[in-house]
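Quick mapping for you: the protein sequence lines, in order, are chains F and B.
In this text, residue positions in the first sequence follow this note's numbering: the first is 301, and each later residue adds one.
In this text, residue positions in the second sequence follow this note's numbering: the first is 301, and each later residue adds one.
Read through the structure below, which is laid out as structure tokens, and then see the notes.
Protein chains: 2
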Amino acid sequence: MSDQVAATAAIERLDVELGARSYPIWIGADILQSSAIFDATVESRDVLIVTNDRVAPLYVAPLKRALGERRVELVELPDGEQHKTLRSVERIIDALAASRMNRDCALVALGGGVVGDIAGFAAACYQRGVDYVQVPTTLLAQVDSSVGGKTGVNHAAGKNLIGAFHQPRGVVADTRTLTTLSAREYAAGLAEIVKYGLIQDSQFFAWQERSVDELNARDPGTLQAAIRRCCEIKARIVSEDEREGGVRALLNLGHTFGHAIETAVGYGEWLHGEAVAAGIVLAADMSHRLGSLAAADLARIRQLLSSFGLPVAAPRIGAGRALELMGMDKKVVRGQVRLVLLERIGSAVLRADFPQSELCATLEQGFA
Amino acid sequence: MSDQVAATAAIERLDVELGARSYPIWIGADILQSSAIFDATVESRDVLIVTNDRVAPLYVAPLKRALGERRVELVELPDGEQHKTLRSVERIIDALAASRMNRDCALVALGGGVVGDIAGFAAACYQRGVDYVQVPTTLLAQVDSSVGGKTGVNHAAGKNLIGAFHQPRGVVADTRTLTTLSAREYAAGLAEIVKYGLIQDSQFFAWQERSVDELNARDPGTLQAAIRRCCEIKARIVSEDEREGGVRALLNLGHTFGHAIETAVGYGEWLHGEAVAAGIVLAADMSHRLGSLAAADLARIRQLLSSFGLPVAAPRIGAGRALELMGMDKKVVRGQVRLVLLERIGSAVLRADFPQSELCATLEQGFA
Chain F
301 MSDQVAATAA IERLDVELGA RSYPIWIGAD ILQSSAIFDA TVESRDVLIV TNDRVAPLYV
361 APLKRALGER RVELVELPDG EQHKTLRSVE RIIDALAASR MNRDCALVAL GGGVVGDIAG
421 FAAACYQRGV DYVQVPTTLL AQVDSSVGGK TGVNHAAGKN LIGAFHQPRG VVADTRTLTT
481 LSAREYAAGL AEIVKYGLIQ DSQFFAWQER SVDELNARDP GTLQAAIRRC CEIKARIVSE
541 DEREGGVRAL LNLGHTFGHA IETAVGYGEW LHGEAVAAGI VLAADMSHRL GSLAAADLAR
601 IRQLLSSFGL PVAAPRIGAG RALELMGMDK KVVRGQVRLV LLERIGSAVL RADFPQSELC
661 ATLEQGFA
Chain B
301 MSDQVAATAA IERLDVELGA RSYPIWIGAD ILQSSAIFDA TVESRDVLIV TNDRVAPLYV
361 APLKRALGER RVELVELPDG EQHKTLRSVE RIIDALAASR MNRDCALVAL GGGVVGDIAG
421 FAAACYQRGV DYVQVPTTLL AQVDSSVGGK TGVNHAAGKN LIGAFHQPRG VVADTRTLTT
481 LSAREYAAGL AEIVKYGLIQ DSQFFAWQER SVDELNARDP GTLQAAIRRC CEIKARIVSE
541 DEREGGVRAL LNLGHTFGHA IETAVGYGEW LHGEAVAAGI VLAADMSHRL GSLAAADLAR
601 IRQLLSSFGL PVAAPRIGAG RALELMGMDK KVVRGQVRLV LLERIGSAVL RADFPQSELC
661 ATLEQGFA
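Now the structure itself:
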């Protein structure tokens, strides 16, 4: 990551290349208010904004102004992962039907990853698929969940068990919204940023180590550079493997362990990014046990996550429960748990060929 | 339609050509029990059969035998269109999660169009998409709904408002199952057969007129020929236009009026095929008003549907209510109702350029 690139902070545009379903990612300060950007992204005249009760008072008014002359309706969900359910999807569909929106309508998901996942899935299902735009307002959503078309809701048995691949028409990441995040939510987003360095880009990881103070201080230029780099990596991976047949699975580093944590403690207790942070440490620990990750690299990973105030230890849910919950994860194929493991910082690999005993040892030390 | 083709009744195979998502349609007597066909169609070792309480006692046992050594679980839904809801989808997903089925599982939809639509949508959503196979046991499902990947459930505000395009891995149409259909259900399937003649194939329509007695008697050879011809037409149309951007919309002849009927009288009161029959007559009537369909052809259409015991008049729900319900139909784009109309028997066209007064006249005479 060059320092020159890191210094710029104008409005930037990246593209996710998916043929007829390609779309832009806009990144910049105050772009939530930009009519020009929404005019270039939202074709429809009928729009339903989906948001939550914490984001609504902050950003619905400027977003409505940016949407200009369109007919705009609003659904306000309660905030939190525990509301990422089919019930919330139904509320959105009820609202779409009640306002007689047709196939040519568009949803705008204004909020964090939870709002984006729910609204994206509602858009995937309503009339067998309508347009939607992601307007992520958390760091986690800006660097990860708003890009790539994974949508869905949780089930008591597992995270995101119900969902669809449905690409947005665009992503509008307004970096100014990050100033209103709680410290905990902000840190949760940093966990996904660490993930991108680990799986693909050791220089980006090293840049994060050098930039801890700026990132913790939410320095706008540093943040925008980090968001852009994550979106570049994600856009390329999604373009290569839209439906996770191969390389896209690497983006799940820490997520199989993390999903088990989230499901075990109850949705909403740990933030997704917090569970991913602890999950990354478990994946790194297991990679080290298998002899593929050096002890010094494992220490650097723990250190970086800790310096962002993230948890590096899993809750004591017990190894047996963790293994059971990992068995429901979508990365399981033919009964065999597949895990994203690290060869070194900057290089991840999807493996199912590890001894079960090493997984058990990792879980026993991590969860018991 | 050649008489030579009509005379054969062996197991036949057609293919829906969709690149990597191509799949076979098998048509024949007793093929529900064929291990060879299921081995060629269902890759997965973990299978969930979705059926209803009327079909289960008749066909679950032979289907299980055909599925051989696979692990087979079962969900039995209550019979009827009124159960085509998100609740039923949730029941299926609960069962999939409870039996710890993963991304490599497959659903088998055993039943009519309702079961196929619900199970197909559950397969589209579970873990963002798993395999499913259609085993249609009604005439309507064999000639129409099991082919093409339209899945979904109803909403109080409209038919199939919640759904997905998700192609099956194969369709196994066992013509022997048609012997157990009620007269009313059987006739409902004939309505869709009439539709295929009307939109694409005047010779097929004329063949149906000549074959009324054989079709009403459920003559196996005649039936198989009719099913094959419908599947041929549908497979070609779906291959050309999977997501209904163009020609596929013609398959909705009679459906915009029909959906209004079904929603107005309450799901399950009229069978889907009955509503389509009355809807076809309305579409034909309007086509005649617009000067594009001859009076003699309109009479032939009424006559053929009547000779199959199908309704040719809509219920008296009122023109205003009908128009309101048509406004929620998925064929509406930018506030304008688009209708499939007939130029002549064998040629349909999608139109939005008609005078609203002619639509009102049709609805007033048809519904008031």
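Ideal placement from N, C-alpha and C gives every residue a C-beta, glycine not left out.
Do you know whose CA, among the options, lies nearest residue i's CA?
i	options	result
Cys660 of chain B	B:Gly609, B:Lys631, B:Met586	B:Met586
Leu367 of chain F	F:Ser344, F:Gln382, F:Asp353, F:Leu377	F:Ser344
Leu598 of chain B	B:Pro611, B:Ala583, B:Arg548, B:Ile393	B:Ala583
Arg492 of chain B	B:Asn460, B:Leu396, B:His466, B:Ile601	Sequence check: residue 492 of chain B is Glu here, not Arg. Nearest of B:Asn460, B:Leu396, B:His466, B:Ile601 to Glu492 of chain B, Cα basis: B:Ile601.
Trp326 of chain F	F:Glu317, F:Phe338, F:Gly319	F:Phe338
Ile533 of chain F	F:Thr522, F:Val547, F:Leu625	F:Val547
Val576 of chain F	F:Thr438, F:Leu439, F:Ala614, F:Gly470	F:Ala614
Ala648 of chain B	B:Tyr359, B:Asp501, B:His466	B:Asp501
Ala320 of chain F	F:Gly646, F:Ile499, F:Arg469	F:Arg469
Val347 of chain B	B:Gly429, B:Asp404, B:Ala473	B:Asp404
Val453 of chain F	F:Tyr567, F:Thr437, F:Thr522, F:Gln603	F:Tyr567
Ala419 of chain B	B:Val350, B:Leu374, B:Val538	B:Val350
Thr475 of chain B	B:His555, B:Gln442, B:Gln382	B:Gln442
Glu643 of chain F	F:Ala622, F:Glu390, F:Leu553	F:Leu553
Tyr432 of chain B	B:Leu440, B:Gly449, B:Val512	B:Gly449
Are any of the Cβ atoms in chain B nearer than 8 Å to that of residue i?
i	result
Met628 of chain F	yes
Phe465 of chain F	yes
Ile418 of chain F	no
Ala648 of chain F	no
Tyr323 of chain F	no
Gly470 of chain F	no
Val565 of chain F	no
His572 of chain F	no
Arg621 of chain F	no
Leu318 of chain F	no
Ile311 of chain F	no
Ile462 of chain F	yes
Leu386 of chain F	yes
Can you tell me whether DSSP reads residue i as helix, strand or coil?
i	result
Ser344 of chain B	coil
Met301 of chain F	With a pLDDT of only 46 at Met301 of chain F, under the threshold of 50, the placement of this residue in the model should not be trusted, and no figure is reported.
Thr662 of chain B	helix
Ala596 of chain B	helix
Gln656 of chain F	helix
Glu317 of chain B	coil
Glu369 of chain F	coil
Leu625 of chain B	helix
Arg602 of chain B	helix
Arg638 of chain F	coil
Ala306 of chain F	In this prediction, Ala306 of chain F scores a pLDDT of 43, lower than 50, which makes its location untrustworthy; the coordinate-derived value is nonetheless stated afterwards. Correct three-state label for Ala306 of chain F: helix.
Pro615 of chain B	coil
Leu374 of chain B	strand
Val360 of chain F	helix
Ala668 of chain F	coil
Leu650 of chain F	strand
Ala633 of chain F	Checking the sequence shown, residue 633 of chain F turns out to be Val, not Ala. Reduced to three states, the DSSP call for Val633 of chain F is strand.
Examine chain F for any beta-carbon lying closer than 8 Å to the beta-carbon of residue i, and answer yes or no.
i	result
Asp404 of chain B	yes
Gly545 of chain B	no
Arg371 of chain B	no
Gln382 of chain B	no
Glu540 of chain B	no
Ala457 of chain B	yes
Ile561 of chain B	no
Asn452 of chain B	Before going further, note that residue 452 of chain B is Gly rather than Asn in the sequence given. Closer than 8 Å: yes.
Leu678 of chain B	What the structure shows of chain B is the stretch from 301 to 668, and residue 678 of chain B is not part of that stretch, so it cannot be assessed.
Would the beta-carbon of residue i be found less than 7 Å away from any heavy atom of the ligand COA?
i	result
Leu641 of chain B	Although the ligand COA was asked about, the structure shown includes no ligands whatsoever.
Next item on the list: Give, in chain order, every residue of the region 388-415 of chain B whose Cβ lies closer than 9 Å to some Cβ of chain F.
Entry: Val389, Glu390, Ile393, Asp394, Leu396, Ala397, Ala398, Arg400, Asn402, Arg403, Asp404
Checklist line | beta strand (DSSP E) runs contained entirely in the region 455-515 of chain F, provided each spans 3 or more residues | finding: 458-465, 470-474
Next item on the list: Closer than 9 Å, Cβ to Cβ, to anything on chain B: give me those residues from the region 425-449 of chain F, in chain order.
Entry: Cys425, Tyr426, Gln427, Arg428, Gly429
Check: What are the complete alpha helix (DSSP H) segments, minimum 4 residues, inside the region 536-569 of chain F?
Finding: 555-565
Item checked: Near-chain F residues of the region 483-517 of chain B - C-beta to any C-beta below 7 Å -> none
Item checked: Cβ-based contacts, 9 Å cut-off: residues of the region 631-656 of chain F near chain B -> Lys631, Val632, Val633, Arg634, Gly635
Note to self: In chain order, what are the residue ranges of uninterrupted alpha helix (DSSP H) at least 4 long that sit wholly in the region 377-458 of chain F?
What the structure shows: 386-398, 413-425
Next item on the list: Name, going along the chain, the residues of the region 347-361 of chain F whose beta-carbon falls closer than 8 Å to a beta-carbon of chain B.
Entry: none
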